[in-house]
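Right, one structure below, let's go through it.
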Amino acid sequence: MKKIDYLLAGVGGQGTILASRILAGVGLEMGYDVKTAEVHGMAQRGGSVESHVRWGEKVYSPLVEHGRADYLIGFEMLEAARWLAYLNKNSVTLINRFSVPPPLVTLGKAKYPSEKDIENLLLSAGGKVKWLNATEMAEEAGNQAMAGVVLLGALSNLVGGGREIWLGVIKGLVPARFAEMNQKAFLAGAGAGR
Amino acid sequence: MKELMTANEALAYGAYLGGVKVGAAYPGTPSTQIMEKFASFPGVHAEWAPNEKVAMDVGIGAAFAGTRALVSTKHVGLNVAADSLFYAVYTGMNAGLLIACADDPGMHSSQNEQDSRNYAKFAKAPMLEPSDSEEARQFAATALEMSETFDTPVIVRFVTRTSHSSSVVDVDPTAVPPPPKEPKPYKREIAKYVMVPGNARRRHPVVEERIRKLREYAETTPLNRIEPGDDRLGIVAAGAVYQYAREVFPEATYLRLGMVYPLPEKLIRDFAGRVKKILVIEELDPFFEEHIRLLGIEVAGKAVFPLIGEFSPSLIRQAAVKAGLLPAAASSPSPSPAPALDIPIRPPILCAGCGHRGMFTVLKEAGVVVMGDIGCYTLGAASPLEALHFCGCMGASIGVAHGMDKGGIPDRHVAVIGDSTFFHAGLHPLINVLYNQGKTTTIIADNGTTGMTGHQHHPGTGHTLQRQPTIKVDLETLVRGMGFGKVDVCDPNEMDAFRKILEDHLKSGEASVIIARRPCALQSRERKTPPRIDPDICLNCGACLDIGCPPLVQEENYVSINEALCTGCGLCVQVCPAEAIRQEAV
Chain A
1041 MKKIDYLLAG VGGQGTILAS RILAGVGLEM GYDVKTAEVH GMAQRGGSVE
1091 SHVRWGEKVY SPLVEHGRAD YLIGFEMLEA ARWLAYLNKN SVTLINRFSV
1141 PPPLVTLGKA KYPSEKDIEN LLLSAGGKVK WLNATEMAEE AGNQAMAGVV
1191 LLGALSNLVG GGREIWLGVI KGLVPARFAE MNQKAFLAGA GAGR
Chain B
10 MKELMTANEA LAYGAYLGGV KVGAAYPGTP STQIMEKFAS FPGVHAEWAP
60 NEKVAMDVGI GAAFAGTRAL VSTKHVGLNV AADSLFYAVY TGMNAGLLIA
110 CADDPGMHSS QNEQDSRNYA KFAKAPMLEP SDSEEARQFA ATALEMSETF
160 DTPVIVRFVT RTSHSSSVVD VDPTAVPPPP KEPKPYKREI AKYVMVPGNA
210 RRRHPVVEER IRKLREYAET TPLNRIEPGD DRLGIVAAGA VYQYAREVFP
260 EATYLRLGMV YPLPEKLIRD FAGRVKKILV IEELDPFFEE HIRLLGIEVA
310 GKAVFPLIGE FSPSLIRQAA VKAGLLPAAA SSPSPSPAPA LDIPIRPPIL
360 CAGCGHRGMF TVLKEAGVVV MGDIGCYTLG AASPLEALHF CGCMGASIGV
410 AHGMDKGGIP DRHVAVIGDS TFFHAGLHPL INVLYNQGKT TTIIADNGTT
460 GMTGHQHHPG TGHTLQRQPT IKVDLETLVR GMGFGKVDVC DPNEMDAFRK
510 ILEDHLKSGE ASVIIARRPC ALQSRERKTP PRIDPDICLN CGACLDIGCP
560 PLVQEENYVS INEALCTGCG LCVQVCPAEA IRQEAV
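In the order they appear, the protein sequences are chains A and B. Going by this note's numbering, the first residue of the first sequence is number 1041, and it counts up by one from there. Going by this note's numbering, the first residue of the second sequence is number 10, and it counts up by one from there.
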């Protein structure tokens, strides 16, 4: 059973914690030992947030090591770029084509990097970068807040686990009235990620 | 059955199954979810106390009465509760008292990174430290047993990366708390429970004898153990750091400490005898290192690993490579150098529609010095508002402002404190302003919740932690009852009205209170039509950008509003000098 390390990066309020719980739940269902690490509190007020999720035969640290992430899941373009140090030549970055300009940018004091620049930066680690319009697809499925579930749909094609497991875990973690909407978002991501 | 839980949740679960019936806490990252989880179990009483000292006294009282109790806090909350912790070590408990204390190395959401292990030594209370969620569940039960066996409160220490990490916990869905075994009736023992000097003098030897017995217990408890490996390197570690170390040094021999105070001296000597070299890996203070050095044993610790900040496997590996303990090849270099790219930082900011923004905009315009406090409104110090000039600890704003007044500061000044923080530690300093004839104006930024930690109830919300409707302490009545004559209530995002009240209070030269009341934007979810900026009228002067509201975006020659983020609060409409921002009447 090989280890799989994930890093989920986004902006506070984008749902990285829910996504990391889904990912952890799926790993557990697949028979992995699982650990996660999340950030709560002050950083959540619109700041940078990251969640670590690790699957393996036996996992010690909840934190992923630099250069050892197998998957980087960027909920926002700039936030994906921030975690370059965790990538290696075999890493896959799933990146949402979506930007939330940070204060320095909205104030006109800094530039938001172009998609091309962000891609080149991530590619410098030697791995692959896959783009997804996850926020747009989530909006089509009913609410843009489900972008993380769309990204997980695309990820599911790469790490296995089977539809039933993923959808079952999602159903167990989201409020019942949003379950159908989230299923739709997941399937949209799974369809696009092929 | 296996279930994923954070260590916060697992400790609460362990405490519940261990028969704890009373829990008390004040919310504080990273500890908050301990009490939230405990409150969800059937047949328990769990409460948000106004502050950690009150929570500690409540827990102690429940234990005196013969009921197992849980108190949870973040590291700095233990400062607030320290006075009570220290007497409880002298009096001892009756039933078990479990104190969960979560440190925040790296200061994800705190004002300092104090190492609470020092409190164990200082107060002479035993301390355990789990390294993952399953241990948190088990250690809860162990701590309760220890508490009763040794008649002492027991502290269980977490760090952010245990509190907010999920890992697998063994869950028995059919398990329920045991029926209380022998009832432990409360006995009126004046010599044990009344800590006047005469009695306390007789209790201190009891405390020292207890620590001696606990040190013996530490030698044999399975909480501490040697995990054999390659004897060329012996590593001493506890908690989350043990898990990091395991990743970086998989082959070494370990002394794994689950009980971090008091330390097992014989076990440490045995360990030293079987390994060639000892490396102590611990976050923050050299707590183990100093203790082991005092035994005359040579170790490497802070000479290799930092004294400051949070550890991670990456950090431990880098430090070990630098010290020559690991070959440099262990870290694989990138195939090509990363292109230079400026990645702007993204600090936390006040939410769109937040009432604190209107308050700080007016305060900044008035040019007053602002003594702030702990909460979301501390973000008023961030660019571009930069309108808050002090934040130290819970409740410090009012006393410091009063001291500045008495110290003769020439600037006009105010204290700003949130509603939950006011109930926590603001009442006493506010009474002091009146009593000692100060003239400080205190603004209570009342958003009707405990915002930063995730919207917990407090004495002013009308509900308890367990969602029971209850009395709602009215701030205005409360401060008038203290004796304040000059009290006004105003929505700070109604800038003209708020400005008028502020000027009136500052001119009055008397001690006064302004309750700046606007419900938290995340909770009220109130949305009005976003205003529009007419690019032809916009002067591109930046006045609206200066309020630092997330939806306002600098375009080429004007400013626009991101409607998806805007709540339509209308604050920007009020600050635009050109009337370029217009909002449809609702």
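In this text, a Cβ means the ideal position worked out from N, Cα and C, and glycines have one as well. For clarity, every value in this text was computed on a predicted model and none was experimentally measured.
For a Cβ distance threshold of 9 Å, nothing in chain B lies close to residue 1110 (chain A): the least Cβ distance comes to about 14 Å. For residue 400 (chain B), the number of other beta carbons within 10 angstroms of its own is at least 16, and it is reported as buried.
For residue 459 (chain B), no CB of chain A lies under 7 Å from its own CB, so it is not counted at the interface with that chain. Among the bridge pairs identified by DSSP, residue 78 (chain B) is matched with B:31, B:106.
The CB of residue 1157 (chain A) comes closer than 8 Å to the CB of 348, 350 in chain B, given here in chain order.
Between residue 518 (chain B) and residue 448 (chain B), the C-beta gap is smaller than 7 Å, which places the two residues in contact.
For residue 1102 (chain A), at least one C-beta of chain B is nearer than 7 Å to its own C-beta.
For the pair residue 76 (chain B) and residue 46 (chain B), the CB atoms are not nearer than the 7 Å cut-off. The beta carbon of residue 1168 (chain A) is closer than 6 Å to those of 1132 in its chain, skipping five residues each way along the sequence. Residue 263 (chain B) has B:236, B:244 as its beta-bridge partners, per DSSP. Straight through space, the alpha carbons of residue 537 (chain B) and residue 375 (chain B) are spaced by roughly 28 Å. At a C-beta separation below 8 Å, residue 173 (chain B) has these neighbours in chain A: 1077, 1078, 1079, 1080.
A straight line joining the alpha-carbon of residue 1097 (chain A) with that of residue 226 (chain B) spans about 34 Å. Using a Cβ-Cβ cut-off of 7 Å, residue 1146 (chain A) counts as an interface residue toward chain B, since at least one Cβ of chain B sits closer than that to its own. Residue burial is scored here from C-beta neighbours: residue 349 (chain B) has fewer than 16 other C-beta atoms within 10 angstroms and is therefore classed as exposed. For residue 13 (chain B), the neighbours in chain A by C-beta distance under 8 Å run, in chain order, 1061, 1064, 1065, 1068, 1074, 1076. For residue 69 (chain B), the enclosing alpha helix (DSSP H) has its first and last residue at 61-73.
By the Cβ neighbour-count rule, residue 116 (chain B) is exposed, with fewer than 16 other Cβ atoms within 10 Å of its own. Not a single CB atom of chain A sits nearer than 7 Å to the CB of residue 146 (chain B). Contact between the region 438-453 of chain B and the region 466-478 of chain B is not established, with fewer than three Cβ pairs separated by less than 8 Å. With contacts defined as CB atoms closer than 7 Å, residue 81 (chain B) and residue 44 (chain B) qualify as a contacting pair. Residue burial annotation: residue 141 (chain B) is buried, with at least 16 other C-beta atoms found within 10 angstroms of its C-beta. At a cut-off of 7 Å between C-beta atoms, residue 565 (chain B) does not count as an interface residue with respect to chain A. Taking one beta carbon from each stretch, the region 315-324 of chain B and the region 267-285 of chain B have fewer than 3 pairs nearer than 8 Å; the two do not touch. Under the Cβ criterion of 7 Å, residue 253 (chain B) is counted among the residues facing chain A. Contact between residue 488 (chain B) and residue 526 (chain B) is ruled out by a C-beta separation of about 13 Å, above the 8 Å threshold. Rounded to the nearest angstrom, the gap between the Cα atoms of residue 194 (chain B) and residue 79 (chain B) is 19 Å.
Taking 7 Å as the threshold, the shortest C-beta distance from residue 1142 (chain A) to chain B falls below it. Nothing from the region 213-231 of chain B brings a Cβ to less than 9 Å from some Cβ of chain A.
Counting along the chain, the unbroken alpha helix (DSSP H) around residue 364 (chain B) starts and ends at 364-375. With contacts defined by Cβ atoms closer than 7 Å, residue 36 (chain B) and residue 465 (chain B) form a contacting pair. Looking at B:524, B:404, B:393, the one whose alpha-carbon comes closest to that of residue 454 (chain B) is B:524.
One thing to note: residue 575 (chain B) has its Cβ within 7 Å of the Cβ of residue 361 (chain B). Distance check between residue 1145 (chain A) and each of B:507, B:562, B:437 places B:562 closest, using alpha-carbon atoms only. If you compare the alpha carbons of A:1129, A:1199, A:1067, A:1111 with that of residue 1135 (chain A), the shortest gap goes to A:1111.
Counting only the Cα atoms, residue 1069 (chain A) lies some 25 Å from residue 255 (chain B).
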